[in-house]
Every structure is written in structure tokens, then in C-alpha cells.
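**Q** Residue numbers (the UniProt record's numbering): 1 to 487.
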Amino acid sequence: MASSGNPIALLKAMLVRIPMVLKTIFLHGIRMSPVWGKQDLRTELTVAIIRSFIDFTMPVGKQQKNSMRDPGIKGPMWVSKITLPQPENDVQEAVIKAIEELKEGGETYDIPGVGPVEAEWTGHRSGVDKNAPQPDISEEEKYRELRKEAPADMVILYFHGGAHFLMDPCTHRVPVSHLSKLTGAPVLSVRYRLAPQHPFPSAIVDALVAYLSLLAPPPGSLHDCVPAKKIVLSGDSAGGNLSLALLQTLLSLRRVCPTVRFHGKEVPIELPAGVATISPWCDVTRSMPSVVNNAVYDYLDPPTQKPGTVFRPAAIPEDNVWPCNPPRADIYANASALIHPLTSPLAARKELWKDAPPIFITMGEEGLTDEGLIVARKIHQSGGQVITEQFEGMPHCFGLIMISTPAGRRFFETLSKFCRDAAAGRVTPSPNLTFIGFGLEEIKELPLDSVVSLSDDEVDELMRRTAQWKIEGEKELVKQWSEKAKL
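#1: What is the C-beta distance between E392 and E365, in whole angstroms, given that I count them as a contact (C-beta under 8 Å)?
#2: By Cβ distance below 8 Å, which residues in the same chain neighbour G437 in space, the five residues on each side in sequence not counted?
#3: Please confirm if G274 has its CB atom under 8 Å from at least one CB of chain D.
#4: What does the alpha-carbon distance come out to for the pair S287 and I99?
#5: Who are the near neighbours of V35 in its chain, counting only those whose CB is closer than 7 Å to its CB and skipping five residues on each side?
#6: Which of the three DSSP states, helix, strand or coil, is assigned to G115?
#7: Is it buried or exposed, C225, if we count other Cβ atoms within 10 angstroms and call 16 or more buried?
#8: Which residue or residues does DSSP assign as beta-bridge partners of Y158?
#9: Does the stretch 71-82 come within contact of the stretch 128-138, defined as at least 3 CB pairs closer than 8 Å?
#10: Taking A98 as part of the alpha helix (DSSP H), name the residues at either end of that continuous run.
#11: I'd like the ranges of any alpha helix (DSSP H) spanning at least 4 consecutive residues and lying wholly in the stretch 275-329.
#12: Would you mind stating whether H193 and S180 have Cβ atoms separated by less than 8 Å?
#13: Looking at L244 and P280, is the spacing between their C-beta atoms short of 8 Å?
#14: So what does DSSP say about T259, is it helix, strand or coil?
#15: Is it buried or exposed for M363, if we count other Cβ within 10 angstroms and need 16 for buried?
#16: So, at 7 Å on beta carbons, what are the nonlocal neighbours of N294 in its own chain, with the 5 sequence-adjacent residues on each side left out?
#17: Look up L440 in the DSSP assignment and say whether it is helix, strand or coil.
#18: Can you give the beta carbon distance from T434 to T388, rounded, assuming they're within the 8 Å contact cut?
#19: Determine the burial state of N334: buried for a count of at least 16 other Cβ atoms within 10 Å of its Cβ, exposed for fewer.
#20: What three-state label does DSSP hand I18 in the structure shown?
#21: Who pairs with M77 in a beta bridge, going by DSSP?
#22: Is E266 helix, strand or coil by DSSP?
#23: Counting only the same chain and skipping the five closest in sequence on each side, list residues whose C-beta sits under 7 Å from that of L477.
#24: Whole-angstrom Cβ separation of A119 and V232, contact assumed at under 8 Å?
#25: Taking Cβ positions, are R17 and I49 nearer each other than 8 Å?
#26: Along the chain, where does the beta strand (DSSP E) that runs through Q385 open and close?
#27: Starting from the C-beta of E145, find all residues in its chain whose C-beta is less than 7 Å away, skip the five residues before and the five after it, and write them out in chain order.
#28: Is it buried or exposed, L166, if we count other Cβ atoms within 10 angstroms and call 16 or more buried?
#29: Let me know the secondary structure DSSP gives residue 500 once reduced to three states.
#30: Considering I204, what are the terminal residues of the alpha helix (DSSP H) in which it resides?
#31: How should E107 be labelled, buried or exposed, when 16 other C-beta atoms within 10 angstroms of its C-beta is the threshold for buried?
#32: Report yes if the C-beta distance between L84 and V176 is below 8 Å; otherwise report no.
#33: For P169, name the three-state secondary structure that DSSP assigns.
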């Protein structure tokens, strides 16, 4: 993707897309667009342009580098960069205990190690224009200024999206600082380790380090202790996955390991005030019908292969990042672990959500819709507290990329309200999905029990079928790799 920091490259990239833009405008104008009636012209153009920039055919390392270009820090935001120091290996061991507690047998994974975790305290900065540079002051002074404008006693712990192998806190500064503005809370945005270099469960270890660092600040921290009941986990897409996986890790540890040694202290495992997810990626196998059925409204393409065919690795040029050695069928995790609850939260049995704090799930009419709705249904049926909303015709993570639109404003309004209510202990759960029609003109309440026709058993079977297909494909890849290594 063209860098937002290189206007010449961006201009050239947009020039070659003029025919596509004109075609989209024309078809929309004569009401022959496939999404007409569910997307306005601005949304359809946004989806078409993003879709045209996504290129999964280039080497993974280049994809990563392009997706992580730092646009700089300017305008109405405060950013204070920090590094959370490396704790004892007990944090890694705690995550492994949670994995083992939830596994069915046969799942394999790398031992991730534990290290320092970089993060950014992010908040709104008032009274400046969109090009105002950050003042030349220390990170500590930036944090103090940030806290003056984000004085709430809560903290939002944020995990960025990017399919577990792309993007960075720097790419999410604008929406994250906007969330801080609406909640009055500082946001700690985490630079967790990315696959394929650091596969499952590396990101969960980093997420737990960040969470424990809020509960029990390591020496030298800028922040004071934050009680668990004042922490809201949040994230978009893969970050939503990571938020739910961290929650399931905490729920599991409360059953098997109630404390974790962290920088010389035994820190009790406590649950956060809530979890706010944005288009969460709950099924890494991508097995649900909406992945295909809703593709017309989304910029994320459905998988090009499916079970029943011979598994073939994606046609991505090799580099020093991917494929890895030994090879995997999936960038994020070993195929045997794809339907572990900490990899794909959709795989978690409904009773595992029973003691969860309030959970918010918001999404569009996108590829990931089914999995988000089914997770919400499981939480509701377990007796848990959930608030769910869906926007008709809107693509993946639309609120983050179309902040100023009516749908974007409504999205941030409900997201920020949930965060404030969760920290105040006043969330009112609902047995219904709030379905927000095109143009916000119609709002319906639909029972969560019936918004997806698939039963839990049918969901499990779809996921198992895809996982088994990838397991068999991975075995063949490893066999070929082993034979090649012998030559």
C-alpha cells in the first residue's frame, strides 16, 4: 500500500485507480451497483479503494513493512512511548497453563518466551490543528500532559488489528485518540509480537504482560496502579480476537492458577471491567458462511480455497519471513491449534463465558459477522453480559476508517458509552442484537438466539472440517520440507 507519508506515491497510486473510481460512481448513480441500497457512495468508494490496495501476493515481510509505516505524531493527539520491562518467565508459564487447561488434545504450539513489551499511551490533545507537531518534551512530560486531558480513573488497554501479522499502534493513533477523547480515559496501545515470526501464543503473552503491568506497575512506570475493575480491554479485528483470548486466559487462570509472579510480586488474577471488541476475528479458520455471503460489502476477500480440495499454500513469493521452517499452513498458528479457544474464541464452549465481565461486540455486514454473532449468542446463553450491534451494509472495522460519517459517529458513541459504563459497573446487557439499518434510518432489536441459523454443533463441525484440512495440508508441507532438507 502506498505510504501515507509519501504524497507523490499516494498520488500515483490514486491516478491508476481513476477508472475504477469512475465506474463505481457511475454504477452507483444508475442504481446498478451490487451494494446499492445498503451502502452510500462514500462507503462503496471507500471499500473499493481499500480492496484495490490490499495485496496479499507480495512477500509477507514486505506486507508487514508497508503496513507498519509510521505516519508520525501530529494533530489532536498525545502519544507517550514506553517499554514495559521484561518480567519473570512465570507470565509465559501462566499462558501455557491456560492453553493446557483449554486444549482438547493434539494441539501444538511454540514456546514463545517473554520479553519487554513496547506500547504507546495515547490520548486526545485539544486546542491544536490537524498538523500541529508534538512538542519537544520527554515521554514522561507527554504522559503528564495526556493525563491532564484524560483524567478518568479508568484505562483502556487496546490491541490493534491486522490479521495477527500486520499493522502497529502507530497505524491506529487517530481512532484510538478519538476513543480517548470520548471516554476521558488514557489508552494503552500495545505493540504485541506479530506472526509469522512470533506465532501463537506470543501475542497473548505480551497482552498478559501489558495487563499485569497496569495492575502492578513495574519499577519506573509512568502510571500508578490501575484496579482491574477500572480496566477495559478493547481491540479491532485480530485485536478483538486478542482481547477475547486474553479474557479467556484470565478466566482459565482463575480456575487453575489464581496468582502470577510478576516483577517479584504475587499478583492476583482479576478480571477486567469489560471487553469492547470491534469486528472481532473470532474464527481463524474462516469457516462461517458470512465470509463468502457478505464479501460484496467488505474489502476482505473470502478464502480462495476450501475443504474438499487439495490444500495448497497461498501463492506468496518467499522471503526470510514466510514460509517458516518447518512450514505451517497458517501464518498465525500451527494447524493443530486453529480451533483452540485462545486461537479462535468462537471455539470456546458457551460455559467458558459464564463468569466473564460485560462484553461489547460491534460489527458491520461483513465477512466476520457470523462469528461475532455466534460468540455473542454463546455469551448470552451462558448467562453472561453482552451488548451486540450490527450496521447494515458496512464493511470490516468501518468505524475506525470512517470516523466522521453518521455511522462512524454512532459506532463511537456506543463503543465509548460501553467503556464508560463498564468501568462504572452499570452495563445493561441485552438478549437482542441491535440491528442498525442503512443510513441509520431503522433500528431493530433481534433475538440473539435466532440471528444465525447455525447451531453450535454445526459451527463446531465447520471449524473442525477446515482445521483438519489445514492439518493434513501442513503435514504434507512438512513432509516436502523434510525431504528437500535431506537433499
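The beta-carbon is built from N, C-alpha and C at its ideal position, and this holds for glycine as well.
Since we're looking at a predicted model, the values are computed, not measured.
**A** So, to answer that:
#1: The residue given as residue 392 occupies position 392 in the sequence shown. The residue given as residue 365 occupies position 365 in the sequence shown. Sure, about 6 Å apart at Cβ, within 8 Å.
#2: Position 437 of the sequence shown, counted from the start, is the residue given in the question as residue 437. Here the set comprises E392, I443, K444.
#3: Within the model displayed, chain D is absent; a lone protein chain is all it includes.
#4: What you label residue 287 is simply residue 287 of the sequence shown in a count that begins at 1. What you label residue 99 is simply residue 99 of the sequence shown in a count that begins at 1. Their Cα atoms are separated by approximately 22 Å.
#5: The residue labelled residue 35 in the question sits at position 35 within the sequence shown. Contacts found: E44, V296, Y297, G393.
#6: As a position in the sequence shown, residue 115 is number 115, starting the count at 1. Correct three-state label for G115: coil.
#7: For the purposes of this step, residue 225 is identified with residue 225 of the sequence shown, where counting begins at 1. Its Cβ having fewer than 16 others within 10 Å, C225 is exposed.
#8: By 1-based counting over the sequence shown, the position of residue 158 is 158. DSSP output for Y158 lists S189, S234 as bridge partner(s).
#9: yes
#10: Residue mapping note: residue 98 aligns to position 98 of the sequence shown, counting from 1. Segment 90-102, the alpha helix (DSSP H) holding A98.
#11: 290-293
#12: Sequence index remark: in the sequence shown, residue 193 carries index 193 (1-based). Sequence index remark: in the sequence shown, residue 180 carries index 180 (1-based). Sequence inspection shows Arg at residue 193; the His mentioned does not correspond to that position. Result no, Cβ atoms of R193 and S180 do not sit closer than 8 Å.
#13: Stepping through the sequence shown from its first residue, residue 280 is reached at position 280. Stepping through the sequence shown from its first residue, residue 244 is reached at position 244. Cβ distance < 8 Å, so P280 and L244 count as in contact.
#14: In the sequence shown, counting from the first residue as 1, residue 259 sits at position 259. In this structure, T259 counts as strand in the three-state DSSP scheme.
#15: Counted from its first residue, the sequence shown places residue 363 at position 363. So M363 counts as buried.
#16: Position 294 of the sequence shown, counted from the first residue, corresponds to residue 294. E365, E366, G367, T369.
#17: Locating residue 440 in the sequence shown gives position 440, where the first residue counts as 1. Helix, per DSSP.
#18: Residue mapping note: residue 434 aligns to position 434 of the sequence shown, counting from 1. Residue mapping note: residue 388 aligns to position 388 of the sequence shown, counting from 1. Indeed, because the Cβ distance is near 7 Å, the residues count as touching under 8 Å.
#19: Position 334 of the sequence shown holds residue 334. N334 is buried by the Cβ-count criterion.
#20: Numbered from 1 along the sequence shown, position 18 holds the residue referred to as residue 18. DSSP places I18 in helix when its eight states are reduced to three.
#21: Taking the sequence shown and counting its residues from 1, the one referred to as residue 77 is at position 77. Note: M77 sits in a beta bridge opposite H124.
#22: Residue numbering aside, residue 266 sits at position 266 when the sequence shown is read from its first letter. The answer is strand: DSSP assigns E266 an E or B state.
#23: As a first step, residue 477 must be located in the sequence shown, where it is residue number 477. Cβ neighbours of L477 beyond the five flanking positions: P313, P327, A329.
#24: Taking the first residue of the sequence shown as position 1, residue 119 is located at position 119. Taking the first residue of the sequence shown as position 1, residue 232 is located at position 232. About 16 Å separates the two Cβ atoms, so there is no contact after all.
#25: One-based indexing of the sequence shown puts residue 17 at position 17. One-based indexing of the sequence shown puts residue 49 at position 49. Their beta carbons are under 8 Å apart, which means R17 touches I49 by this criterion.
#26: Counting from 1 along the sequence shown, the entry for residue 385 is found at position 385. That residue, Q385, is in no beta strand (DSSP E); it is neither H nor E in DSSP.
#27: One-based indexing of the sequence shown puts residue 145 at position 145. For E145, where only same-chain residues beyond five positions count, the Cβ hits under 7 Å are W78.
#28: Counting from one through the sequence shown, the residue named residue 166 turns up at place 166. It is buried - the Cβ of L166 has at least 16 other Cβ atoms within 10 Å.
#29: With the chain represented from 1 up to 487, any question about residue 500 goes unanswered, as that position is not in the structure.
#30: Start at 1 with the first residue of the sequence shown, and residue 204 comes out as number 204. Unbroken alpha helix (DSSP H) run through I204: 202-215.
#31: Here residue 107 refers to the residue found at position 107 when the sequence shown is read from its first residue. Counting Cβ neighbours within 10 Å, E107 comes out buried, since at least 16 surround it.
#32: Along the sequence shown, one-based indexing puts residue 84 at 84. Along the sequence shown, one-based indexing puts residue 176 at 176. Going by C-beta atoms, L84 is not nearer than 8 Å to V176.
#33: Within the sequence shown, residue 169 is the residue found at index 169, counting from 1. P169 falls in the helix class under three-state DSSP.
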